[in-house]
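I have placed the structure first, in the form of structure tokens, so that the comments after it can refer back to it.
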Amino acid sequence: MLPCILILKLGITWNVFSNFLRDERQRSKWNILSNGRPMQEMIRIPKGQTSSNCVSFLLPSVRNQNENTMLILQETWADASGSLIVYAPLDVASMHAVMTDEDSSFVALSPSGFAIVPDGSSGYEDD
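The sequence shown runs -18 to -1, 1 to 109 under mature numbering (1 follows the signal peptide of the UniProt record, and there is no 0).
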């Protein structure tokens, strides 16, 4: 695994950028795992008092039934100190094994993600 760190200063507030990354309708604009197509949030499990703090399962749109289906497991968290978005692809067979209490020792997660922190200017808005 090769870690990578990139620091950028954007011309928008950090929470606007964080909302863009969390929005499954915008995902095809930045995530190659979407295959350039929109994603659908299948399940959302809240983790706090705001809707931005949750665990979600995202499903890429498929063109035909024969395409290999993959889910994306995503956790998001945001508060006044910044935002965290972590996601990992998970094939449906692996997910089925986990959900039905089968042998899941073969399931491998390769998480990626973003930590977005404010630059000191205002920008946090609770959704």
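Just so it is clear, CB atoms sit at the ideal spot from N, CA and C, and this is done for glycine as well.
Pairwise C-alpha distance: residue j and residue i
i	j	result
LEU41	ASP5	13 Å
ALA62	ASP101	12 Å
SER92	GLN22	21 Å
GLN31	LEU66	16 Å
residue 121	ILE54	The chain is shown from -18 up to 109; residue 121 falls before or after that span and cannot be answered.
PRO28	THR51	25 Å
SER33	THR(-6)	19 Å
ILE14	HIS78	24 Å
ASN(-4)	ASP83	38 Å
LEU3	GLY64	13 Å
Close Cβ partners of residue i (< 7 Å) along its chain, the five nearest in sequence each way excluded
i	result
PHE(-2)	LEU(-9) and ILE98
GLU57	VAL37 and VAL68
Per-residue burial, residue i [other beta carbons within 10 Å of its own, 16 or more giving buried]
i	result
MET24	exposed
TRP12	exposed
ARG9	buried
ASP108	Unreliable positioning characterises ASP108 in this predicted model, as indicated by a pLDDT of 49, which lies under 50. A coordinate reading is not provided.
LEU(-11)	exposed
Cβ-Cβ distance between residue i and residue j below 8 Å
i	j	result
SER16	ARG26	no
ALA70	ASN35	no
ARG19	SER43	yes
CA nearest to the CA of residue i, picked from the options
i	options	result
SER87	ALA75, ASN35 and SER43	ALA75
Contacts around residue i, its chain only, beta-carbon distance under 8 Å, and the 5 residues preceding and following it disregarded
i	result
GLY95	LEU66, ILE67, VAL68 and TYR69
ILE(-14)	none
VAL80	SER86 and VAL89
ASP73	ASN50, THR51, MET52 and LEU53
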